[in-house]
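Going by UniProt numbering, the sequence shown opens with residue 1, and the numbers climb by one from there. Structure record follows, encoded as structure tokens.
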Amino acid sequence: MNIEKLIKEENASIVDVRTPQEFSGGHVSGSVNIPLQELQNRIDDLKQMKSPLILCCASGNRSGMAAQMLSNQGLECYNGGSWMDVNYYQSQN
């Protein structure tokens, strides 16, 4: 799956798994902040979002953990890595 293409064409939901404090310091326009530790309790919310989910964080570590966890729950999702990379792809429209 071409994550960059999904982001550019707005064919996915972007979920930032950083803390609210990190998110408030800068984030991808249109992204939703659901911290990693809250994901398990927000599965129903995530299932309502446009699929697939592109997950991002500061470096790609937390979003990688989130992608593995959500994939195990049956959600189509991808690790987008750093929110700054995702933001860059989105700005290429």
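Each residue gets a CB set at the ideal place from its N, CA and C atoms; glycine is no exception. Note that the coordinates shown come from a computational prediction; the quantities given were computed from them, not determined experimentally.
Bridge partners of isoleucine 14 according to DSSP: Ile54. Within the DSSP secondary-structure output, glycine 81 pairs in a beta bridge with Cys56. Closest by C-alpha distance to proline 20, out of Ile43, Ala58, Asp85, is Ala58. Around phenylalanine 23, the same chain offers Asp16, Asn33 as residues with beta carbons nearer than 7 Å, after the five sequence neighbours per side are excluded.
Straight-line measurement puts the Cα of tyrosine 88 at about 25 Å from the Cα of leucine 75.
Under DSSP, asparagine 33 shares a beta bridge with Asp16.
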